[in-house]
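From first to last, the protein sequence lines stand for chains A and B. For the first sequence, my numbering gives the first residue as 21, with consecutive numbering after it. For the second sequence, my numbering gives the first residue as 3, with consecutive numbering after it. Report on the following structure.
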Amino acid sequence: MVRERESQQQQQQVSYTVEQLVAVNPYNPDILTDLENHVNEQVSSQTYSLDANLCLLRLYQFEPERMSIPIVVRILIKALMAMPAPDFSLCLFLIPEQVQMEEQFKTLIVLSHYLETARFHQFWDEAVKNRSILEVVPGFEQAIQAYAIHVLSLTYQKVPRPILAEAINIEGLSLDKFLEYQVANSGWALEKGHGRSQLIVLPRNEFNHPELKKNAVDSVPLEHVTRIFPILS
Amino acid sequence: MASSYDYDEPSYDSRSYPPSSQASDVGYDPNFVPDSVKTFVVHLYRHIREKNVYEIHQMYEGSFQRLSDRMFRESPWPSVEAVAPYVDNDHVFCLLYREMWFRHVYARLSPTGRQRIESWDNYCSLFGVVLHGVVNMQLPNQWLWDMVDEFVYQFQSYCQYRAKLKNKTEEELQLLRQYGQAWNVYGVLNYLQALVEKSMIHQILEREKEGLEQFTATDGYDYEGGSNVLKMLGYYSMIGLLRVHCLLGDYHTGLKCLAPIDISQQGVYTIVIGSHISTIYHYGFANMMLRRYVEAIREFNKILLYILKYKQYHQKSPQYDQILKKNEQMYALLAICLSLCPQTKLVEENVSTQLKDKYSEKMLKMQRYDDEAYAVYDELFSYACPKFITPSAPILEEPLTNYNQDAYRLQLKLFLYEVKQQQLLAGVRSFLKLYSTISIGKLATYMEVDEPTLRISYMLLNPSRQSDMVIIFCVRS
């Protein structure tokens with residue numbers, strides 16, 4: 021027990037040091053290995069640091085012979101998991117064209133494209149086919165599901181069950197369990213739709229309830245959006 | 003990806019004057035010091051010692067340019083060794099003189115490989131002296147800005163230079179091998195970072211917010227007998243870091259480097275017009291690449307209006323050509339941003355008129371999202387973008403290639419990819435403008451999609467894009 025705690029503390033210390041390094045001394049080839057270790061730590065401890073990863077990608081730019089493809093793949097997967105933040109594109113800007121032509125990268129770019137255009141069905145199809153690439157990063161599925169729910173909550177006040185199912189790639193009994201959990205912990209509600217269909221009521225926010233929008237100056241279309249599209253029911 | 007603008011064109015890269023042959027052909031004697039130069043350095047040296055900032059500025063902006071025009075159009079100024087005796091061989095003055103000497107060569111002539119490397123050495127010495135805190139001068143902001151601006155410019159130029167290996171002479175290759183440290187990216191970034199840190203400019207700006215320090219109020223000058231050099235070099239280095247990060251494609255970090263400067267207001271960065279323009283140009287460009295089109299449009303609009311109003315006052319200044327050039331580039335970027343994210347209320351009338359004059363036809367094309375549109379996006383992006391660099395050391399073995407366009411090609415490719423993603427949303431936007439409510443069936447008909455066989459799909463404009471929120475879906479029967 022004691023040893024575990026010690027090593028945990030050590031891990032925290034190392035991460036703290038890496039963050040400091042990135043803030044204070046980022047243009048330094050000597051920290052490259054530390055940053056690579058930090059990526060692996062992010063993967064195993066399910067944490068994330070954009071600045072540290074950008075710093076590493078820059079160093080790879082400065083010293084291309086030291087670039088590690090598996091590390092870059094991990095950085096990109098972590099970036100996908102950060103959606104809707106644009107981190108994935110930020111990383112691509114720093115990765116040389118030839119590297120981006122490799123199969124793994126092409127796959128990740130396609131996956132990112134599906135997510136950007138909210139084509140969840142195609143996304144999950146492609147993700148399943150490329151499970152071996154994505155498996156290296158625990159928490160990937162959950163992160164994407166959270167993003168999908170985020171997208172749905174911007175669009176719908178009440179989501180029909182089949183649409184939710186497709187977006188998060190969960191069905192049947194698993195979906196029932198998932199919904200139970202969300203109802204109990206995340207403020208979701210369930211309603212009956214037409215016939216025997218089920219509607220999921222997501223929490224209110226300024227996107228699916230324009231009256232909640234704090235600042236109406238910028239985006240005129242928002243009001244249009246929720247009025248234009250009748251909710252499927 | 004072919005661009006109609008030649009990215010490599012030297013005139014795109016140069017300052018106001020075309021490069022001419024190296025002075026050795028024209029009978030240049032580095033040891034000959036004309037009387038006017040003697041007078042110039044003697045007076046400049048005296049004014050610097052007496053901290054007479056106004057006079058320094060007059061000589062720096064005025065006399066130096068006039069003498070360059072009259073006597074040094076096609077040759078460098080006299081060497082620093084020849085001039086040193088007239089200024090007590092003052093070490094710091096000589097570093098300053100050399101900095102101006104090299105800047106003149108870059109602007110009016112064409113630097114040799116050796117000169118590029120010597121200029122790097124000079125910057126190392128100059129910044130070294132400043133960082134050691136032993137400098138006691140007050141120099142005009144224009145000069146201090148020019149130093150940082152030129153430093154980054156020469157770095158960018160060197161990266162381009164050493165990435166074109168095909169036609170290098172053996173002598174030039176040998177120089178590259180021997181002086182691998184010259185203009186290395188770590189050195190450049192670390193000098194800028196060191197200036198930021200040693201000057202404590204972040205803390206100064208913080209304290210200023212709390213009323214504990216005078217900085218902006220004095221235009222950065224020190225009225226208590228001290229020096230403004232380290233402080234101002236540190237301040238301008240924040241903008242320098244933004245610029246270098248943009249050249250590398252790291253827009254996120256670039257913007258972070260600029261963050262301590264509040265660009266929603268006037269500040270020290272607006273005192274020198276070159277610094278103002280460079281800040282907003284790179285800020286706007288970075289935001290555009292981060293898909294924050296509204297933010298980019300706002301800032302481009304402000305600066306373009308400013309330039310419209312005030313450029314007449316800079317007609318005689320040596321920076322005038324650069325001002326005009328950046329002005330044109332920002333109109334191109336504004337055209338791009340407005341095509342990707344149409345806005346009606348963000349562009350001031352006069353700017354809008356200028357924009358229409360220059361780009362109305364091209365903007366119409368860009369909003370069509372066909373092949374011709376991509377060609378126009380390509381053209382404008384290539385014209386207006388920074389000269390991206392490959393920062394790594396060159397591989398000086400056969401086969402020797404030119405790879406100076408690689409970095410630019412990547413950024414262009416990713417930009418056009420984003421344009422393509424925007425295309426998917428463009429058609430929907432026009433429909434939304436017409437209808438306040440629309441049934442799915444009708445929408446499907448107008449979108450010319452076959453309703454019964456449609457799959458459920460969403461098109462979502464990501465809020466992080468700061469553009470319209472658009473959702474359509476088509477129903478599976």
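Glycine residues also receive a C-beta, built at the ideal position from the N, C-alpha and C atoms. Note that the structure is a prediction, hence the values are computed from the model and not measured.
For residue i: DSSP bridge partner residues
i	result
A/I220	A/V179, A/L210
B/K166	B/N404
Check: residue i C-beta below 7 Å from any heavy atom of the ligand PLP
i	result
A/P180	Because no ligand of any kind appears in the structure shown, any question about the ligand PLP cannot be addressed here.
Where the alpha helix (DSSP H) containing residue i begins and where it ends
i	result
A/Q118	117-120
B/C339	322-342
B/E374	373-386
B/W103	93-110
A/D145	140-149
A/K126	123-136
B/T281	275-291
B/T272	It is not in any alpha helix (DSSP H) - B/T272 carries neither H nor E in the DSSP assignment.
B/E63	B/E63 -> no alpha helix (DSSP H), and no H or E assigned at all.
B/Y125	115-133
A/P315	Outside the displayed range of chain A (21 to 253) lies residue 315 of chain A, so it cannot be described from this structure.
B/M365	351-368
B/T41	37-51
B/G256	253-260
A/R78	70-82
B/Y315	Here B/Y315 belongs to no alpha helix (DSSP H), and DSSP marks it neither H nor E.
A/D54	52-65
A/K197	192-205
B/E83	82-85
Next on the checklist: Counting only Cβ-Cβ distances shorter than 9 Å, please list the residues of the region 46-79 of chain A near chain B, keeping chain order.
Outcome noted: Residues are counted here when their Cβ sits less than 9 Å from a Cβ of chain B; for the region 46-79 of chain A these are P46, Y47, N48, P49, L70, D71, L74, C75, L77, R78, given in chain order.
Item to check | Runs of alpha helix (DSSP H) lying entirely within the region 168-242 of chain B, each at least 4 residues, in chain order | outcome: Within the region 168-242 of chain B, the complete alpha helix (DSSP H) runs of at least 4 residues are 172-180, 187-201, 203-211.
Checklist entry - the region 124-154 of chain A: which residues have C-beta closer than 8 Å to a C-beta of chain B, in chain order? => result Those would be H133, E136, T137, A138, R139, F140, H141, in chain order.
Checklist entry - At a Cβ cut of 9 Å, what residues of the region 242-261 of chain B count as close to chain A, listed as they run along the chain? => result Contacts with chain A (Cβ-Cβ distance below 9 Å) from the region 242-261 of chain B involve H247, L250, G251, D252, Y253, H254, T255, K258, listed in chain order.
Next on the checklist: Short of 8 Å Cβ to Cβ, which residues in the region 394-425 of chain B face chain A?
Outcome noted: Answer set for the region 394-425 of chain B: S394, D408, R411, L412, Q413, K415, L416, E420, Q423.
Next on the checklist: So, does the region 154-173 of chain B touch the region 109-125 of chain B, judging by three or more C-beta pairs under 8 Å?
Outcome noted: Short answer: they touch.
Next on the checklist: What are the residues in the region 41-55 of chain B lying within 8 Å of chain A by C-beta distance?
Outcome noted: Listed by position along the chain: nothing, the set is empty.
Checklist entry - What residues from the region 288-301 of chain B come within 8 Å of chain A, judged by C-beta to C-beta, listed N to C? => result The residues in question are M291, L292, R293, V296.
Item to check | Members of the region 191-224 of chain A that neighbour chain B once the beta carbon cut-off is set at 9 Å | outcome: Correct list: empty, as no residue qualifies.
Checklist entry - Would the region 371-378 of chain B and the region 203-222 of chain B be scored as touching if the rule is three or more Cβ pairs under 8 Å? => result Taking 8 Å as the limit for Cβ pairs, the verdict is that the region 203-222 of chain B does not touch the region 371-378 of chain B.
Next on the checklist: To be precise: take each residue of the region 130-157 of chain B, compare its Cβ to all Cβ atoms of chain C, and keep it if any distance is under 9 Å. Which residues remain?
Outcome noted: Absence of chain C from the displayed structure is noted, the protein chains being A and B.
Checklist entry - According to a CB-to-CB cut-off of less than 7 Å, which residues of the region 172-203 of chain B neighbour chain A? => result For the region 172-203 of chain B, the set of positions with a beta-carbon nearer than 7 Å to some beta-carbon of chain A reads V187, Y188, L191, N192, Q195 in chain order.
Item to check | Cβ pair count under 8 Å reaching 3, the region 143-151 of chain B against the region 377-388 of chain B | outcome: Result no; under three Cβ-Cβ pairs closer than 8 Å.
Item to check | Validate contact between the region 186-199 of chain B and the region 232-250 of chain B using beta carbons, cut 8 Å, 3 pairs | outcome: With a cut-off of 8 Å, the region 232-250 of chain B and the region 186-199 of chain B count as touching, because enough Cβ pairs lie within range.
Checklist entry - Counting Cβ pairs, one atom from each stretch, are 3 or more of them under 8 Å apart for the region 290-303 of chain B and the region 336-346 of chain B? => result A contact exists between the region 290-303 of chain B and the region 336-346 of chain B.
Item to check | Validate contact between the region 58-76 of chain A and the region 92-110 of chain A using beta carbons, cut 8 Å, 3 pairs | outcome: Yes, the region 58-76 of chain A is in contact with the region 92-110 of chain A.
Item to check | At least three beta-carbon pairs within less than 8 Å, the region 75-91 of chain A to the region 37-53 of chain A | outcome: Touching, per the Cβ criterion.
Next on the checklist: Does the region 118-129 of chain A come into contact with the region 269-278 of chain B, if we say contact requires no fewer than three beta-carbon pairs (one atom in each stretch) closer than 8 Å?
Outcome noted: Contact annotation: the region 118-129 of chain A does not touch the region 269-278 of chain B, with fewer than three C-beta pairs closer than 8 Å.
Checklist entry - Do the region 404-415 of chain B and the region 158-166 of chain B touch if we need at least three Cβ pairs shorter than 8 Å? => result Yes, since at least three Cβ pairs between the region 404-415 of chain B and the region 158-166 of chain B fall closer than 8 Å, the two stretches touch.
Next on the checklist: Under 7 Å, CB to CB, which of the residues in the region 79-93 of chain A have a partner in chain B?
Outcome noted: Answer in chain order: Q81, F82, E83, P84.
Next on the checklist: If contact is defined by three or more beta carbon pairs under 8 Å, each pair taking one atom from either stretch, is the region 127-135 of chain B in contact with the region 96-114 of chain B?
Outcome noted: The region 96-114 of chain B, when compared against the region 127-135 of chain B, does touch it at the 8 Å Cβ threshold.
Item to check | Cβ-based contacts, 9 Å cut-off: residues of the region 90-117 of chain A near chain B | outcome: So the list reads M103, P104, A105, P106, D107, S109, L110, L112, F113, L114, I115, P116, E117, given in the order they occur along the chain.
Next on the checklist: Under 8 Å, with one C-beta from each stretch per pair, do the region 411-423 of chain B and the region 178-185 of chain B reach the 3-pair mark?
Outcome noted: Not touching, per the Cβ criterion.
Item to check | Inter-stretch contact at 8 Å, needing at least 3 Cβ pairs: the region 255-263 of chain B / the region 274-288 of chain B | outcome: Yes, the region 255-263 of chain B is in contact with the region 274-288 of chain B.
Checklist entry - Should the region 63-76 of chain B be regarded as contacting the region 86-97 of chain B, the criterion being three or more beta carbon pairs within less than 8 Å? => result No, the region 63-76 of chain B is not in contact with the region 86-97 of chain B.
Checklist entry - Below 8 Å, can you find three or more Cβ-Cβ pairs linking the region 211-221 of chain A to the region 161-180 of chain A? => result Yes, the region 211-221 of chain A touches the region 161-180 of chain A.
Checklist entry - Any chance the region 86-103 of chain A sits against the region 138-147 of chain A, with 3 or more Cβ pairs inside 8 Å? => result Because the criterion of three Cβ pairs below 8 Å is not met, the region 86-103 of chain A and the region 138-147 of chain A do not touch.
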